[in-house]
Amino acid sequence: MLIKIKFFALYKEKAKTKDTVVEIPNNSTIQDLCDLLIENYPNLSKFKNNIIFAVNYEYQDNTYILSDNDEIALIPPVSGG
Amino acid sequence: MLIKIKFFALYKEKAKTKDTVVEIPNNSTIQDLCDLLIENYPNLSKFKNNIIFAVNYEYQDNTYILSDNDEIALIPPVSGG
Amino acid sequence: MIKITEKKLDPELITNKVKNPENGAVITFLGTTRKYTDNKKVILLEYEAYIPMAELKLKEIVQNIEKKWNIYDIYIAHRLGKVEIGEISLVVAISSQHRKSAFAACQYAIDTLKLTVPIWKKEFFQEEAKWVNEP
Amino acid sequence: MIKITEKKLDPELITNKVKNPENGAVITFLGTTRKYTDNKKVILLEYEAYIPMAELKLKEIVQNIEKKWNIYDIYIAHRLGKVEIGEISLVVAISSQHRKSAFAACQYAIDTLKLTVPIWKKEFFQEEAKWVNEP
Numbered sequence: 011m012l013i014k015i016k017f018f019a020l021y022k023e024k025a026k027t028k029d030t031v032v033e034i035p036n037n038s039t040i041q042d043l044c045d046l047l048i049e050n051y052p053n054l055s056k057f058k059n060n061i062i063f064a065v066n067y068e069y070q071d072n073t074y075i076l077s078d079n080d081e082i083a084l085i086p087p088v089s090g091g
Numbered sequence: 011m012l013i014k015i016k017f018f019a020l021y022k023e024k025a026k027t028k029d030t031v032v033e034i035p036n037n038s039t040i041q042d043l044c045d046l047l048i049e050n051y052p053n054l055s056k057f058k059n060n061i062i063f064a065v066n067y068e069y070q071d072n073t074y075i076l077s078d079n080d081e082i083a084l085i086p087p088v089s090g091g
Numbered sequence: 002m003i004k005i006t007e008k009k010l011d012p013e014l015i016t017n018k019v020k021n022p023e024n025g026a027v028i029t030f031l032g033t034t035r036k037y038t039d040n041k042k043v044i045l046l047e048y049e050a051y052i053p054m055a056e057l058k059l060k061e062i063v064q065n066i067e068k069k070w071n072i073y074d075i076y077i078a079h080r081l082g083k084v085e086i087g088e089i090s091l092v093v094a095i096s097s098q099h100r101k102s103a104f105a106a107c108q109y110a111i112d113t114l115k116l117t118v119p120i121w122k123k124e125f126f127q128e129e130a131k132w133v134n135e136p
Numbered sequence: 002m003i004k005i006t007e008k009k010l011d012p013e014l015i016t017n018k019v020k021n022p023e024n025g026a027v028i029t030f031l032g033t034t035r036k037y038t039d040n041k042k043v044i045l046l047e048y049e050a051y052i053p054m055a056e057l058k059l060k061e062i063v064q065n066i067e068k069k070w071n072i073y074d075i076y077i078a079h080r081l082g083k084v085e086i087g088e089i090s091l092v093v094a095i096s097s098q099h100r101k102s103a104f105a106a107c108q109y110a111i112d113t114l115k116l117t118v119p120i121w122k123k124e125f126f127q128e129e130a131k132w133v134n135e136p
């Protein structure tokens with residue numbers, strides 16, 4: 011299945027892109043996706059235990075099972091205000 | 011000695027005046043003054059246990075000993091804001 | 002700074018006086034006259050003060066905030082006289098480096114003002130008028 | 002109401018949107034960019050957001066305040082892009098019948114925003130630039 015990925019702030023700078031689309035087996039979890047992204051963007055590897063994921067605008071933990079066309083965002087520690 | 015008295019808000023309406031000067035023996039306390047004022051302004055008698063006094067802009071309790079030319083204010087319950 | 006005035010209060014002007022580029026938080030509190038008190042319709046409010054003592058007590062509040070929170074950008078302004086519904090009777094503006102102390106100081110200022118500053122509010126209803134907190 | 006914008010925030014306009022003659026308390030919080038962070042001089046700040054998710058999370062904050070405090074006059078606005086020193090990055094305006102709930106709700110809004118809303122701030126110093134809270 012195809013998953014849309016968005017990178018923001020620090021992770022966007024490290025990945026050197028603001029978005030991408032990856033192909034991943036059906037029923038993959040966020041953890042599987044995280045492993046794949048770290049492989050594709052080795053600059054992100056130092057953050058691998060810090061990355062928070064959002065799926066379709068909601069925070070989800072790493073056991074969350076992805077669906078086709080989900081929009082995933084890698085959320086660095088927020089600092090609004 | 012002479013003591014200047016100021017009335018505000020509710021007490022001003024009850025006393026029907028905003029200020030007065032009273033003569034009172036030396037070393038009188040606020041309690042003595044209170045008793046005198048209640049005598050002079052019987053409309054205030056229902057508040058006699060509620061009246062708070064300020065002497066020269068500071069709150070004082072009823073044992074405070076007055077001095078010549080003190081400015082006394084009868085302070086109703088405040089309600090600023 | 003403190004101010005007691007019969008003129009309309011300008012919250013933007015007052016807020017701008019406490020802004021400071023070294024601060025990250027600005028809080029402006031407005032006390033406004035409410036249309037209803039205990040479900041009774043208020044027509045008008047009128048404020049009276051023992052002005053020199055009220056000024057002194059407001060200055061004490063400012064000094065206490067300076068000592069307690071190291072906050073020096075404070076402006077408290079209170080209006081006197083007739084105040085229409087929806088108009089502003091009180092402005093407390095505070096700015097500080099961090100927001101938690103600004104919130105604490107702002108609430109302290111209002112709470113203390115309502116306990117200690119000799120200002121009185123009279124509410125005019127359709128059929129009667131009453132000093133607030135009348136014993 | 003919520004707003005995420007690259008334009009300068011107008012706190013007076015925002016505050017006027019939450020005013021309501023049935024309310025007696027109005028609080029406006031401004032988050033402003035500070036000249037110093039840990040004693041280092043800041044040249045400029047830049048904010049970025051995951052806009053649709055940030056809007057959703059801000060709406061959740063508003064809904065939680067409605068449920069928790071029965072307060073319905075709320076405006077949260079956040080600026081994005083370059084923000085100069087002393088300029089406003091955040092406005093939270095709340096009005097309610099009584100001040101205690103307005104203060105509690107305002108602090109809740111800011112605290113929750115800083116924990117959950119996907120907005121990021123980059124600080125530019127003389128010699129480097131750094132995302133705040135970088136792990």
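Protein chains in written order, with the numbering used here: chain U, 11 to 91; chain X, 11 to 91; chain F, 2 to 136; chain Y, 2 to 136.
Glycine included, C-beta positions come from ideal geometry on N, C-alpha and C.
- The C-beta distance from Leu91 (chain Y) to Ile5 (chain Y) rounds to 11 Å, too long to fall under 8 Å, and the pair is not in contact.
- In the DSSP assignment, Tyr109 (chain F) falls within the alpha helix (DSSP H) that extends over 100-117.
- Separation of Tyr51 (chain Y) and Lys60 (chain Y) (C-alpha to C-alpha, rounded to the nearest whole angstrom) is 14 Å.
- For Asp45 (chain U), no beta strand (DSSP E) encloses it; the enclosing alpha helix (DSSP H) starts and ends at 40-50.
- If the five residues before and after Asn37 (chain X) are omitted, its C-beta is found closer than 7 Å to the C-beta atoms of Ile75, all from its own chain and listed in chain order.
- Nearest to Glu33 (chain U) by C-alpha distance, out of U:Lys24, U:Lys26, U:Ile82, is U:Ile82.
- Against chain Y, the CB of Ala78 (chain F) has no partner CB under 8 Å away; the residue lies outside that interface.
- In the three-state reduction of the DSSP assignment, Phe57 (chain U) falls in the helix class.
- Restricting attention to F:Pro136, F:Val133, F:Glu124, the CA atom closest to the CA of Ile44 (chain F) is found in F:Glu124.
- For secondary structure counted as the beta strand (DSSP E) over 3 or more consecutive residues, the segment 43-106 of chain F holds these complete runs in sequence order: 74-80, 82-84, 89-97.
- Of all residues in the segment 17-45 of chain F, the ones placed with a Cβ closer than 9 Å to any Cβ belonging to chain Y are Lys20, Asn21, Pro22, Glu23, Asn24, Gly25, Ala26, Val27, Ile28, Thr29, Phe30, Leu31, Gly32, Thr33, Thr34, Arg35, Lys36, Tyr37, in chain order.
- At a beta-carbon threshold of 8 Å, none of the residues of chain F lie near Ala25 (chain X); the nearest stands roughly 14 Å away.
- Between the segment 18-29 of chain F and the segment 94-109 of chain F, the count of Cβ pairs shorter than 8 Å is three or higher; the stretches touch.
- Where Val27 (chain F) is concerned, the enclosing beta strand (DSSP E) starts and stops at 26-33.
- Annotation for Leu20 (chain X): the continuous alpha helix (DSSP H) segment containing it runs 19-25.
- Residue contact with chain X for Val84 (chain F): absent (no Cβ-Cβ distance below 8 Å to any residue of chain X).
- Classified as exposed, Ala130 (chain F) has fewer than 16 neighbouring CB atoms from the shown chains inside 10 Å of its CB.
- Neighbours of Val118 (chain Y) in chain U, taken as residues at a C-beta separation under 9 Å, are given in chain order as Val88, Gly90, Gly91.
- The beta-carbon of Glu13 (chain F) is placed less than 8 Å from the nearest beta-carbon of chain Y.
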